[in-house]
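Input: a single structure, listed below in structure tokens.
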Amino acid sequence: MTIVPIRYVEPVFRPPSEADSLILPVTDGCSWNQCTFCEMYTAPQKRFRPRSEEEVLESIRRRSEKFGKTIKRVFLADGDAMTLSVRRLATVLDAIRRDLPGVRRVSSYCLPRNVRKKSAAELRELADLVCRLSMSAPNPATTKCWRGSTRAKVSPQRGRRSKAARSGN
Ligand code: SF4
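The opening position of the sequence shown corresponds to residue 1 in the numbering used here, with each subsequent residue numbered one higher.
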């Protein structure tokens with residue numbers, strides 16, 4: 001019998017900075033999913049839902065059986081892992097620390113609002129459990145302004161319309 005160590009739901013996205021990372025889904029899809037320039041998680045099978053704690057912990061355990069200390073980095077997928085509660089994130093990070101002792105960095109995409117909902121002490125607690133990097137997604141408040149803009153007129157990196165778009169070119 002073939003044992004699938006991690007259940008991936010296509011399409012799976014690997015950020016360029018995570019070329020060598022283990023992609024570990026803790027949710028499917030993005031909890032916001034309304035940025036006008038983004039189609040990453042619009043497929044029906046990517047409807048947002050957190051994965052069960054049992055499934056995530058089992059995925060980590062099975063990876064550890066095969067790759068143990070060789071995994072150095074983990075990316076928590078999909079589009080907004082920080083939407084999970086501190087307790088859920090801490091449980092996942094604790095399991096990574098225990099079962100994948102070679103890991104030195106855990107990262108994820110996140111919405112600023114989901115960071116804002118966590119206190120400084122809670123974020124420190126997560127950082128102490130090896131979560132060293134978060135990659136911000138656009139602010140939903142800003143993103144609302146982009147509705148109706150074309151993809152070419154939007155500057156997602158800066159969260160505002162590009163100079164060409166402002167001048168009407
Ligand atoms: S928050 Fe990120 S993943 Fe979600 S819709 Fe916007 S760009 Fe896409």
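Glycine residues also receive a C-beta, built at the ideal position from the N, C-alpha and C atoms.
For S59, the enclosing alpha helix (DSSP H) begins and ends at 53 to 67.
The continuous beta strand (DSSP E) containing R105 extends over residues 105 to 110. Classified as buried, K46 has 16 or more neighbouring CB atoms from the shown chains inside 10 Å of its CB. If you ignore the 5 residues before and after R73, its C-beta comes within less than 8 Å of the C-beta of E18, D20, S21, L22, V103, R104, R105, V106, S107, all in its own chain and listed in chain order.
Separation of the CB atoms of V26 and L84 is rounded to 6 Å, and the pair is thereby assigned contact status at 8 Å. For the pair of segments examined, the segment 34 to 43 was found not to touch the segment 88 to 99: the number of CB pairs separated by less than 8 Å stays below three.
If you check the C-beta of L76 against the ligand SF4, you find no heavy atom less than 8 Å away.
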